[in-house]
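**Q** Could you have a look at this structure, given as structure tokens, before my questions?
There are 2 protein chains.
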Amino acid sequence: MTRYSRQTRMLVAVDCIIFGFDGQDLKLLLIKRGFEPEKGKWSLMGGFVQADEDLEQAAARTLTKLTGLEGVYMEQLTAFGSPDRDPMERTLSVAYFALIDINQYKQQITDEYKAEWFPLKEAPKLIFDHANMVAEAQARLRYKAAIHPLLFELLPTRFTIPQLQILFEAVYDAGFDKRNFSRKVLSTGLLVKQKEKERATSKRGAFYYKLDKRKYSAKFHAFLNFVSDPGNLK
Amino acid sequence: MTRYSRQTRMLVAVDCIIFGFDGQDLKLLLIKRGFEPEKGKWSLMGGFVQADEDLEQAAARTLTKLTGLEGVYMEQLTAFGSPDRDPMERTLSVAYFALIDINQYKQQITDEYKAEWFPLKEAPKLIFDHANMVAEAQARLRYKAAIHPLLFELLPTRFTIPQLQILFEAVYDAGFDKRNFSRKVLSTGLLVKQKEKERATSKRGAFYYKLDKRKYSAKFHAFLNFVSDPGNLK
DNA sequence: AACTTTAAATGTCATTTTTACAATTATATT
DNA sequence: AATATAATTGTAAAAATGACATTTAAAGTT
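See below:
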């Protein structure tokens, strides 16, 4: 077989928008880029798609390289393809966003780049169109988390209802009523109450919960209505 | 500036999943592919992204070339990037799905390919991974149309409630209660009742409605809940 | 041991939304 | 004038939501 004639070939990259939650703020994992152009500037973690890889593989490889983690929640955000988004040469980027339990994160032993967590609101200036990617990823996160049980991916296996609420409030930059929030969350039937309590934050202590894995996978794509009108909060 | 060294460059294409509605069935616009490989086989309308184009431009150009239509509703579905999805050479495809008013469609005067509408259920075998693209597009359509006022894009400017209901029933392959359906639709406040009736289908005739354009754009991204549990229908 | 403090957990009521289900109306045709 | 057909409208029970306050567990203090 021959090739398609007279067509433009271009580089294809993946870039990962990696969200984490430290118990207080929603955070973004960024790196100092290790090569030209824009070497030393803050950037999303990315890499070129290799000849034998599909996009998911490239994204998973990139994520693992930075965090050491595997089996992380990740989904394709969208493809960014402005002709001049990379000044060096035309590069299409397929953006993926990932949600990780920040406590499981272990900085990779490498000198290629330095990685750092930034509160989403205090992220530095980013190269290329990466700020757009982050903005779109945040919008997607808010969208999906309002109707699907997504944010659990940001928490450890055991978590308390108050911790979960703080997470939701960080994501939506809004406050929720304690009573209604816990009722809503518990009514999904996804949570299993544990015997132990978390005792660090309060005198009384809050019961830990775990996800019911069966129900979680079954209802992951169902419409669960965690946040009523996410476009119209505060 | 130099170029990134030792990386694989590849072709980037766009493919359009074009949905239409003829008043009865949800349909898909397909073409007979005009060049090798797989010349003469049924395929989605697509084309290569040009050197000076971004992805949206390429998709819009492709759609206009086939349908003669501009300003059509279109959104990026996802990027498909298996290394061997095109046997000729590695080609990434960014899929877009489009919703058009089938009545406005005018077959383009061209010999490059023949285009034809197929009921979604009776679509022929497609080349490459195009069947996957269609399946994903249908899933996305069902997903979005359940919570956003999307399906209006498939109807003419004037339409009746019964017509709208037939469309929803075609999309979800399910039946809905007439009374609840019309109440739900009217409660969005998006519809403006017209004075004229549609008289072809029934003796009594059904009133035409039009979209309130202001409210439509304002509420396009709001959560409107047209279909309660689309994942769990008949 | 009793008291204080702090955050977790739980309860109620009014309102809105959803669901299930049936009767009435407009108009062309007979 | 009667009939047939599809459009339109109504209603009551159940479920979900939103606004709001009190009780409870446990550590720390007196």
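Heads up: the protein sequence lines correspond to chains A and B, in order. Numbering of the first sequence is given in the numbering used here, commencing with residue 1 and proceeding in unit increments. Numbering of the second sequence is given in the numbering used here, commencing with residue 1001 and proceeding in unit increments. Glycine included, each C-beta is placed from N, C-alpha and C at the ideal position. Owing to the predicted nature of the structure, the values given are computational and were not obtained by experimental measurement.
(1) Give me the Cβ distance between ASP1101 of chain B and PHE1128 of chain B, rounded to the nearest whole Å; I'm assuming they're in contact under 8 Å.
(2) Leaving out five residues on either side along the sequence, give the residues of the same chain with a beta carbon under 8 Å from the beta carbon of GLU1169 of chain B.
(3) With PRO1162 of chain B as the anchor, note down where its alpha helix (DSSP H) starts and where it stops.
(4) Along chain B, in chain order, which residues have C-beta atoms closer than 7 Å to that of GLU89 of chain A?
(5) Hey, quick one: how far does the alpha helix (DSSP H) through PHE1253 of chain B stretch, first residue to last?
(6) Using a threshold of 9 Å, state whether the C-beta atoms of LEU29 of chain A and THR62 of chain A are closer than that.
(7) In chain A, what lies closer than 7 Å to ARG1009 of chain B by C-beta?
(8) Leaving aside the five residues before and after THR157 of chain A along the sequence, list all residues of the same chain whose C-beta is less than 7 Å from its C-beta, in chain order.
(9) Could you say if the segment 1152 to 1166 of chain B and the segment 1010 to 1029 of chain B meet the contact criterion of at least three C-beta pairs nearer than 8 Å?
(10) Span of the beta strand (DSSP E) holding ALA250 of chain A?
(11) Which residues does DSSP list as the beta-bridge partners of GLY1047 of chain B?
(12) For the alpha helix (DSSP H) that contains MET88 of chain A, what are its first and last residues?
(13) Does the beta-carbon of ALA51 of chain A have 16 or more other beta-carbons within 10 angstroms, so that it is buried, or is it exposed?
(14) Tell me the DSSP bridge mates of LYS1210 of chain B?
(15) Find the residues of chain B that neighbour GLN76 of chain A, judging by a C-beta separation of less than 9 Å, and give them in chain order.
(16) Hey, quick one: how far does the beta strand (DSSP E) through THR78 of chain A stretch, first residue to last?
(17) In angstroms with no decimal places, state the Cα-to-Cα distance between LYS1184 of chain B and ARG204 of chain A.
(18) If you reduce the DSSP assignment to three classes, tell me which class PHE1035 of chain B lands in.
(19) Who are the Cβ neighbours of ALA1135 of chain B in its own chain at under 7 Å, not counting the five residues just before and after it?
(20) Nearest CA to the CA of ALA146 of chain A: which residue from A:PRO230, A:GLU38, A:ALA58?
(21) Any idea what DSSP makes of LYS1144 of chain B, helix, strand or coil?
(22) Excluding the 5 residues preceding and the 5 following LYS1114 of chain B in the sequence, name in chain order all residues of the same chain whose CB lies nearer than 8 Å to its CB.
(23) If you measure between the beta carbons of LEU1120 of chain B and LYS1027 of chain B, is that distance less than 9 Å?
(24) Just curious, the alpha helix (DSSP H) that GLN1057 of chain B is in, first and last residue?
(25) Check each candidate in B:LYS1197, B:THR1201, B:ALA1059, B:THR1078 and name the one with the smallest Cα separation from GLY1071 of chain B.
(26) Compare the C-beta of LEU150 of chain A with all C-beta atoms of chain B and state if any pair is closer than 9 Å.
(27) Going by beta-carbon coordinates alone, are VAL14 of chain A and GLY34 of chain A separated by less than 9 Å?
(28) Using three-state DSSP, classify PHE1220 of chain B as helix, strand or coil.
(29) So that I know if they touch, is there some Cβ in chain B lying closer than 9 Å to that of PRO239 of chain A?
(30) State the Cα-Cα distance for the pair ARG1003 of chain B and THR8 of chain A, rounded to the nearest angstrom.
(31) Spatial neighbours of MET1010 of chain B within its chain, please: CB distance less than 8 Å, with the 5 preceding and 5 following residues excluded, ordered by chain position.
(32) Residues in the same chain with beta-carbon distance under 8 Å from PHE1097 of chain B, minus the five sequence neighbours each way, listed in chain order, please.
(33) Do you know how far the Cα of THR160 of chain A is from the Cα of PHE1226 of chain B?
(34) Using a 10 Å radius around the Cβ and a threshold of 16 neighbouring Cβ atoms, would you call LEU126 of chain A buried or exposed?
(35) Give the straight-line distance between the Cα atoms of HIS221 of chain A and SER5 of chain A, rounded to the nearest whole angstrom.
(36) Can you check whether the CB of LEU55 of chain A is closer than 9 Å to the CB of ALA1079 of chain B?
**A** With the given structure in hand:
(1) Wrong, their Cβ atoms sit about 28 Å apart, outside the cutoff.
(2) Once the five neighbours on either side are set aside, the close Cβ partners of GLU1169 of chain B are GLY1175, PHE1176.
(3) The continuous alpha helix (DSSP H) containing PRO1162 of chain B extends over residues 1161 to 1172.
(4) Listed along chain B are ARG1003, TYR1004, each with a C-beta nearer than 7 Å to that of GLU89 of chain A.
(5) In the structure as shown, chain B starts at 1001 and stops at 1234, and residue 1253 of chain B therefore has no counterpart that could be examined.
(6) The beta carbons of LEU29 of chain A and THR62 of chain A sit no closer together than 9 Å.
(7) Within 7 Å of the CB of ARG1009 of chain B, the CB atoms of chain A belong to ARG9, MET10, LEU11, in sequence order along the chain.
(8) So the list reads LYS210, once near-sequence residues are dropped.
(9) The segment 1152 to 1166 of chain B is in contact with the segment 1010 to 1029 of chain B.
(10) Examination of residue 250 of chain A is not possible in this model, given that chain A is present from 1 through 234 alone.
(11) Per DSSP, B:VAL1014.
(12) Careful: MET88 of chain A lies outside any alpha helix (DSSP H) and carries neither H nor E.
(13) Classification of ALA51 of chain A: exposed, given that the 10 Å Cβ count is below 16.
(14) B:VAL1192.
(15) Those are THR1078, ALA1079, listed as they occur along chain B.
(16) Unbroken beta strand (DSSP E) run through THR78 of chain A: 73 to 80.
(17) Rounded to whole angstroms, LYS1184 of chain B to ARG204 of chain A spans 46 Å at the Cα level.
(18) For PHE1035 of chain B, the three-state secondary structure derived from DSSP is coil.
(19) When the five nearest sequence neighbours on each side are left out, no beta carbon in the same chain lies closer than 7 Å to the beta carbon of ALA1135 of chain B.
(20) Answer by Cα proximity: A:PRO230.
(21) Three-state result, LYS1144 of chain B: helix.
(22) Once the five neighbours on either side are set aside, the close Cβ partners of LYS1114 of chain B are ILE1031, LYS1032.
(23) LEU1120 of chain B is a Cβ neighbour of LYS1027 of chain B, given a cutoff of 9 Å.
(24) Where GLN1057 of chain B is concerned, the enclosing alpha helix (DSSP H) stretches over 1055 to 1067.
(25) Measuring from the Cα of GLY1071 of chain B, the nearest candidate turns out to be B:ALA1059.
(26) Among the residues facing chain B, LEU150 of chain A is not included, as its CB has no counterpart in that chain under 9 Å away.
(27) Not in contact: VAL14 of chain A and GLY34 of chain A (Cβ atoms no closer than 9 Å).
(28) Reduced to three states, the DSSP call for PHE1220 of chain B is coil.
(29) An answer regarding residue 239 of chain A cannot be provided, because it is not within the stretch 1 to 234 covered by chain A.
(30) Taking the straight line from one Cα to the other gives about 15 Å.
(31) The answer, listed in chain order, is GLU1089, ARG1090, THR1091, LEU1092.
(32) Cβ-Cβ distances below 8 Å link PHE1097 of chain B to CYS1016, ILE1017, ILE1018, PHE1019, MET1074, GLU1075, LEU1077, ALA1137, ARG1140, LEU1141 in the same chain, with the five nearest sequence neighbours on each side left out; the list follows chain order.
(33) When the Cα atoms are used, PHE1226 of chain B and THR160 of chain A turn out to be separated by approximately 34 Å.
(34) It is buried - the Cβ of LEU126 of chain A has at least 16 other Cβ atoms within 10 Å.
(35) When rounded, the distance between both Cα atoms is 42 Å.
(36) Cβ distance < 9 Å, so ALA1079 of chain B and LEU55 of chain A count as in contact.
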